[in-house]
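So the sequence lines, in the order shown, correspond to chains A and B. Residue numbers for the first sequence follow the numbering used here, beginning at 60 and rising by one. Residue numbers for the second sequence follow the numbering used here, beginning at 13 and rising by one. Virtual Cβ for every residue (Gly too), placed ideally from N, Cα, C. Fair warning: this is a prediction, and the values are worked out from it, not measured in the lab. So the structure is just underneath, and the comments pick up after that.
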Amino acid sequence: MSVLIEAKNLGKTFVDNSIRLGPKRAEVRAVDNVSFQIMKGETLAVVGESGCGKSTLGRLLLRLIEATEGHVSMDGKDLTNLSRQEMRQMRKNMQMVFQDPFGSLSPRRTVAQIISEPMDSFGMIRDKSHRRERVAELLELVGLPAIYMDRKPRQFSGGQRQRIGIARAISVHPSFIVADEPVSALDVSIQAQIINLMQDLQESEGFSILFISHDLAVVRHVADRVAVMYLGRIVEIGPKDQIYAAPHHPYTEALLSAAPHPDPTKEIERIVLQGDVPSPTDIPSGCAFRMRCPIAKDICSSDNPKSVEIMPGHQVACHFAAPHPITNAQRPT
Amino acid sequence: MNEVAEPGNAGSQTDNIFEREALADEPTIADAIRAVIFDRLSTKIAAVLVVVFIITAVFAPTLAPYDPLSQSILNINKHPSWEHWLGTDQFGRDVMSRMIYGSRNSLIFGLLSPIFAAILGVTLGVTAGYFGGIVDRLISRVVDMLMAFPELLLAILIAAALGGSFWNIVVVLTIAFTPGFARVARASTLAVKQEPYVEAAIAAGVSTPVIIIRHIIPNILAPIVVLMTLWAASSIRVEATLSFLGIGTQPPNPSWGNIIRDGLANMFATQWPILAGGLTITVVVLAISILGDSVRDALDPETNQ
């Protein structure tokens, strides 16, 4: 498999540059020195708590937000320095599915107009009948009857709207899709439908997905690889099976222990972290996780742990990376 | 993760949803306005008055019994009679005809200035709101500056400086009304810009001008329409005021303002021009304001049940 998307030392700091009088709002370090690759046709899931920078990361890849530092390249082409016009053309290859199925479709436009918007802007529509033909195809592809194309979004349920959003994203045959919590706003019964739809489409169209989610059960179902984010940094990234079977970062382990298990009779040891996530305006020195980490030592406050490859393709940023670090540390040896 | 429900099942569910929601189709702006007009008696009366006003203005040459400018030395300061329903003024001109022609003047100002001000104000407001930064600061400060003047004072100031030709008055009123539109447009743009569908359009590769025309402007239009109705009334009132002060429509062209002005000088000979002018301005401005209020109620989700 070849690399499709590569992020190198990507960072984003939100700065208050208003000219109001009085003190400036503190700088927010949303994404900090993040590097990873996404292969062609694979799904990389990004998990983490609210506010850890997952959505910002997705938008940085698409340049919907400008990065403060670092580079993103697609098929070896650096996106960071493209002009607005060049970037606009690149968007044909990279689309997005949004979290909010209500807000992401303009209430005043018909389904046909919404779905054909990307095709329109890239000049892929020849005439009116061609547009309707394409929209009908796409609607059927995402499991909606083509006769609904002249309706407005408000006439659809959340799941149906999300199907429309997916039809819009795949209309231009992108090679990369950022799915920003595409199912978190949906009922559980609908979630499965939408996820299966995305997987079917991925199989037939062959695009890669960056799947942003906080739902570990969903991620386990869709991902090929998983990246765990904490306070803007990737603390662990690796193949899904390895991450779920043997988390090496204490945060990953705590996160996994918090996810409910399908079998309610099974006793699982719940690791409860102390304290709250520190504010991204004031990230601790050294390892960002050390304030809440049960196994933190002195070195954690002085040195920011480097990402080490503990197995091929499995990297962990922890001084004490080990399988099940917390559980093992608590177990007397 | 559970498997998906069978497609057939999902299909029948969606059919139900469509049947149900097809009945309760959300009203459009026009529907909402229509509903509110027929809902209240005061609005109904106001609507009728406004329609009468517009018809009078449009068909003035057919409706007016006399030429509004023709003088007659034999018919000076006549009281109402079958020949002259509202009497004649000190030049023997038919007051009724002057009032009817004056309505054209008021309608044109009532329409033109708010429309021009809306176009200019929305352009400025959307530009400031969408692009932000230094553009926003420049536009907003200029708008604030203009807002510091009461609109009537500003209008008097400019009219006095430039003189009272037709286009000067239109320009005066437009400048006086633009800041209000710019403010409302800017605030609405800031809100709409945050909508996910705007980000979706950017991600879809839509260019900025198209985003503004397709996604921003249609979604900020409701408050702008309300402002236009309310300011149509103000516009008529301010034009009458300027004409009354002698810096608006210049005699002998009839305007409700200068009919009162002429009548005031001649008050002890005949009171009818003042009465007719004053009452008409009051009624028309009141009717348009009531209509404007109703439109606002219809379009404002806060007051709309």
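- Alanine 66 of chain A is bridged by DSSP to A/Phe95 and A/Val131.
- Within chain A, not a single residue places a beta-carbon under 8 Å from that of isoleucine 151 of chain B; the smallest gap is close to 15 Å.
- For chain B, the residues of the segment 122–153 of chain A that bring a beta carbon within less than 7 Å of one of its beta carbons are Leu123, Arg147, Arg150 and Lys151, in chain order.
- The Cβ atoms of isoleucine 271 of chain B and arginine 110 of chain B lie closer than 8 Å to each other.
- Going by DSSP, proline 309 of chain A is part of the alpha helix (DSSP H) stretching over 309–317.
- Taking 8 Å as the upper bound for CB-CB distance, leucine 119 of chain A and leucine 69 of chain A are in contact here, some 6 Å apart.
- One thing to note: isoleucine 358 of chain A has its Cβ no nearer than 8 Å to the Cβ of histidine 373 of chain A.
- Taking 8 Å as the threshold, the shortest C-beta distance from aspartate 159 of chain A to chain B falls below it.
- Proximity of chain A to valine 218 of chain B at the Cβ level (cut-off 7 Å) is accounted for by Glu176 and Ser180, in chain order.
- In the three-state reduction of the DSSP assignment, glutamine 258 of chain A falls in the helix class, which pools H, G and I.
- Excluding its 5 nearest sequence neighbours in each direction, alanine 388 of chain A has C-beta neighbours in its own chain below 6 Å: Ile354, listed in chain order.
- The C-beta separation of asparagine 89 of chain B from threonine 100 of chain B comes to about 7 Å, placing the pair in contact by the 8 Å criterion.
- The contact set of histidine 227 of chain B on chain A, defined by CB atoms closer than 7 Å, consists of Ser165 in chain order.
- For methionine 155 of chain A, the neighbours in chain B by C-beta distance under 9 Å run, in chain order, Glu211, Ala212, Ala215 and Ala216.
- For the set B/Val64, B/Ser200 and B/His227, the Cα lying nearest the Cα of glutamate 211 of chain B is the one of B/His227.
- At a cut-off of 8 Å between beta-carbon atoms, glutamate 207 of chain B makes contact with chain A.
- Within the same chain, and ignoring the five residues on either side of alanine 313 of chain A in sequence, the residues whose Cβ sits closer than 7 Å to its Cβ are Ile330, Leu332 and Ile385.
- The C-alpha of methionine 350 of chain A lies about 31 Å from the C-alpha of glycine 81 of chain A.
- Against glycine 162 of chain A, the close residues of chain B are Glu207, Pro208 and Tyr209, in the order they occur along the chain (beta-carbon pairs closer than 7 Å).
- Bounds of any beta strand (DSSP E) do not take in alanine 130 of chain B; it lies within the alpha helix (DSSP H) bounded by 107–143.
- Contact annotation: valine 285 of chain A and alanine 104 of chain A have beta-carbon atoms nearer than 8 Å.
- The beta-carbon distance between isoleucine 232 of chain B and serine 200 of chain B, rounded to whole angstroms, is 4 Å. This is short enough to meet the 8 Å contact definition.
- Interface flag for proline 230 of chain B against chain A is set, since a Cβ pair is found closer than 8 Å.
- Of the residues assessed, alanine 203 of chain B falls on the exposed side of the cut-off, its CB having fewer than 16 other CB atoms within 10 angstroms.
- Only exposed fits arginine 213 of chain A, as fewer than 16 other CB atoms lie within 10 angstroms of its CB.
- As for any alpha helix (DSSP H) of minimum length 4 sitting wholly inside the segment 215–243 of chain B, the runs are 220–223, ordered along the chain.
- Note that the C-beta distance between glycine 122 of chain B and tryptophan 268 of chain B is not below 8 Å.
- The beta carbon of leucine 75 of chain B lies closer than 7 Å to those of Thr68 and Ile112 in the same chain, with the five residues before and after it left out.
- The segment 294–308 of chain B and the segment 43–53 of chain B touch, with three or more beta-carbon pairs separated by less than 8 Å.
- A buried status is given to alanine 130 of chain B, since no fewer than 16 other beta-carbon atoms sit within 10 Å of its beta-carbon.
- Alanine 380 of chain A is positioned such that its CB atom lies closer than 8 Å to that of isoleucine 369 of chain A.
- With distances taken between CA atoms, tryptophan 179 of chain B lies nearest to B/Gln262 out of B/Pro235, B/Gln262, B/Leu81 and B/Ser54.
- Glycine 217 of chain B is positioned such that its CB atom lies no closer than 8 Å to that of phenylalanine 235 of chain A.
- Between cysteine 352 of chain A and proline 319 of chain A the beta-carbon gap is near 23 Å, outside 8 Å, which marks them as no contact.
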